[in-house]
Amino acid sequence: MIELIPDAGISQQRLDAMYTYRLERIRAVMAEHNISLSILTSPVNLRYAVNFDEYLMFQSHIPTAHLFIPLEGPVTLFGASQRHHANVDSYQGSRFATPFDGGLDLSRQSQRIVEDIERFIRDHRLHNAGSRIALERFSPLISQQLVSKGYRLTDGEALIEQAKLIKHPTEIDCIRHSIAVAEYGIHKMHTALQPGITENQLWSVIHQVNIAHGGDWIEGKMLASGQRTNPWLQEATSKVIEAGDMVAFDTDMIGPQGYLADISRSWICGGGRGTQDQRDAYQHAYDEIHHNMKLIRPGVSFAELSEIAFARKEEYREQRYVCAFHGAGMSDEHPKIYYGEDWHGNGYDGVLEENMVICVESYSGVKGGRDGVKLEEMVRVTANGYEKLSTYPFEQDLLN
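Going by the numbering used here, the sequence shown opens with residue 2, and the numbers climb by one from there.
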């Protein structure tokens, strides 16, 4: 039986104010970009917009609900559920546009959704000169029909990512609670780590802790041990963990209220000082995230962060992580700030602002080596710098 840690003590009144803030953020971005109607299907963005929390993993690949958010007017949810959702004014039955629900010819179903959109625009007088529709993750048949009828479309996902950037104080407290749940799960994993346990068995511990606390899911099975820690991005298997193995993981946990706890740690099974190679990799990852956290402040640009980030040692550069920093909220979020070596091909600019939440990453493993180390911290951008949100201790025995 998993014992429960105290809840965050966040009142329903505070949650309701947070839900209203999130919808207002969406509408503010809509107004900024002259968008009269947003149509959402992403489960994460449905949660953000109206706290929709039903069958979210199913919705991610077979969307059965979609949401109409006008710049002004009633928020309407098309779906099977009729129970109350935050700030939803009306409900309509689902319009299915997937092969599972609508068959292999989606032309008829797509036409019905287009008719719903046109009716909604007409009834609420949303077709202003030059205005656009923000559309998210629908069949291209729907986009094609709307364009053929003269509607101007834009990407709904980019709209919501912009809205999510600046967190409400209650969002920050929800993130703190998800982190507390994750770190309790990490502690239970640390206690369970003994020679003979498999990677899957160890990884299951944090899943149980998350679900017991009302969390949603974990994005992957990002735990590896021994030689499987190098290179990184190998998910957990039935491999038996042995004494002396490095064990590295990344929580990627969508916890209570749908908020992300994204924390990485690395341990030696059985504890102790490990090998010199293990200590060197650990020290390098530790130095990187602590150097990079100190760079975070409002007003610093993404390009500048990439340029002044920790100077990685040559032997660790080739197998660098996919980014040095990234945003966080209800999942991994905009921005993703690349290493300097990757900036030319992938980088895009922007500026850190107060109350963004940022993850600071490091993977350190020598190409061809046996062990790699993954460390990651979560921070909030404050008025003058940063506040560290994650607190789980590091392995002092592995610091040279």
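Heads up, the beta-carbon is just placed ideally off N, CA and C, and yes, glycines get one too.
Buried or exposed by the 16-neighbour rule on C-beta atoms within 10 Å, applied to S302: Label assigned to S302: exposed.
Looking only at DSSP bridge pairs, what is A262 linked to? DSSP lists M254 as partners of A262.
Are there 16 or more other CB atoms within 10 angstroms of the CB of Y185, so buried, or fewer, so exposed? With 16 or more Cβ atoms within 10 Å of its Cβ, Y185 is classed as buried.
In the structure shown, what three-state DSSP assignment does K189 receive? Secondary structure of K189 (DSSP, three-state): helix.
Using a C-beta cutoff of 8 Å, does A225 count as contacting chain D? In the structure shown, chain D does not exist; there is a single protein chain.
Cβ-based burial, F59 [other Cβ within 10 Å; buried from 16]: Within a 10 Å sphere around the beta-carbon of F59 sit fewer than 16 other beta-carbons, which makes this residue exposed.
With distance defined between alpha-carbon atoms, name the residue in M254, I297 and D217 nearest to E308. The candidate whose alpha carbon is nearest that of E308 is I297.
C-alpha distance - L400 paired with H335, whole-angstrom precision: Using only the alpha carbons, I get a separation of about 32 Å.
When the Cβ atoms of the segment 128-144 are set against those of the segment 153-162, are three or more pairs found closer than 8 Å? In the pairwise beta carbon analysis, the segment 128-144 is classified as touching the segment 153-162: at least three pairs are separated by under 8 Å.
Could you check whether Y339 and G351 sit closer than 8 Å to each other, using their CB atoms as the reference points? For the 8 Å CB-CB criterion, G351 and Y339 do not form a contact.
May I have the straight-line CA-CA distance separating L57 from P44, to the nearest angstrom? Using only the alpha carbons, I get a separation of about 5 Å.
Considering only C-alpha positions, which residue in the set A66, E73 and F250 is nearest to S365? Nearest of A66, E73 and F250 to S365, Cα basis: F250.
Go through its chain and collect everything with a Cβ distance to H169's Cβ below 6 Å, but skip five positions before and after it. Once the five neighbours on either side are set aside, the close Cβ partners of H169 are M19 and Y22.
Compare the Cα-Cα distances from D253 to each of K222, H285 and S82 and report the closest residue. Ranking the options by Cα distance to D253, first place goes to K222.
Would you mind reading off the limits of the beta strand (DSSP E) that contains M379? In this chain, the beta strand (DSSP E) harbouring M379 covers G373 to V382.
Host beta strand (DSSP E) of S363 (start-end): Bounds of the beta strand (DSSP E) holding S363 are V358 to G366.
Which runs of the beta strand (DSSP E) at least 3 residues long sit entirely within the segment 122-181? Give them in chain order. If one requires a minimum length of 3 residues, the beta strand (DSSP E) runs lying completely within the segment 122-181 are 133-136 and 154-156, in chain order.
Please report the straight-line C-alpha distance between W233 and G370, rounded to a whole angstrom. Taking the Cα positions, W233 is about 12 Å away from G370.
Neighbour-count burial assignment, P64, 16 or more Cβ in a 10 Å radius: That one is buried.
Is it the case that the CB of N231 approaches a heavy atom of the ligand ZN more closely than 7 Å? No copy of the ligand ZN appears in this structure; indeed no ligand is present at all.
For V248, name the three-state secondary structure that DSSP assigns. Judged by DSSP in its simplified three-state form, V248 adopts strand.
By DSSP, does G328 sit in helix, in strand, or in coil? The three-state secondary structure of G328, taken from DSSP, is strand.
Identify whether W218 lies in helix, strand or coil by the three-state DSSP scheme. Residue state, collapsed to three classes: strand.
Given V115, which residues of its chain have a CB within under 8 Å of its CB, disregarding the five upstream and five downstream residues? Same-chain partners within the cutoff: I143, Q146, L147 and K150.
Could you tell me if A286 is buried or exposed, where buried requires 16 or more neighbouring beta carbons within 10 angstroms of its beta carbon? Per the 10 Å Cβ criterion, buried.
Taking 7 Å as the limit between beta carbons, can you name the residues of its chain near E236, skipping five residues before and five after? Once the five neighbours on either side are set aside, the close Cβ partners of E236 are G221, K222 and M223.
To the nearest angstrom, how far is the alpha carbon of A213 from that of M331? Approximately 19 Å, taken between the alpha carbons.
When you compare each of A244, S39 and Y387 to I122 by their alpha carbons, which one comes out closest? Here the closest residue by C-alpha is S39.
The beta strand (DSSP E) with T77 in it runs from where to where? Taken as a continuous stretch (DSSP letters only), the beta strand (DSSP E) holding T77 covers T77 to F79.
State the Cα-Cα distance for the pair G197 and Q209, rounded to the nearest angstrom. Looking at the two C-alpha atoms, the distance is approximately 20 Å.
For L306, which of helix, strand or coil comes out of DSSP? Helix, per DSSP.
Quick one, which of V51, R26, E55 and C175 has its alpha-carbon nearest V358's? Per the C-alpha coordinates, the member of V51, R26, E55 and C175 positioned closest to V358 is C175.
Determine the direct distance from the alpha carbon of K165 to that of S363, and round the result to whole angstroms. Those two C-alpha atoms are separated by around 24 Å.
Status (buried if at least 16 other CB within 10 Å, exposed otherwise) for S265: It counts as buried.
Spatial distance of H62 from P100 (CA atoms): Straight across, the Cα-Cα distance linking H62 with P100 is about 11 Å.
Give the secondary structure of L353 by DSSP, where H, G and I count as helix, E and B as strand, and everything else as coil. Looking at L353 - three-state DSSP - the assignment turns out to be coil, as it is neither helix nor strand.
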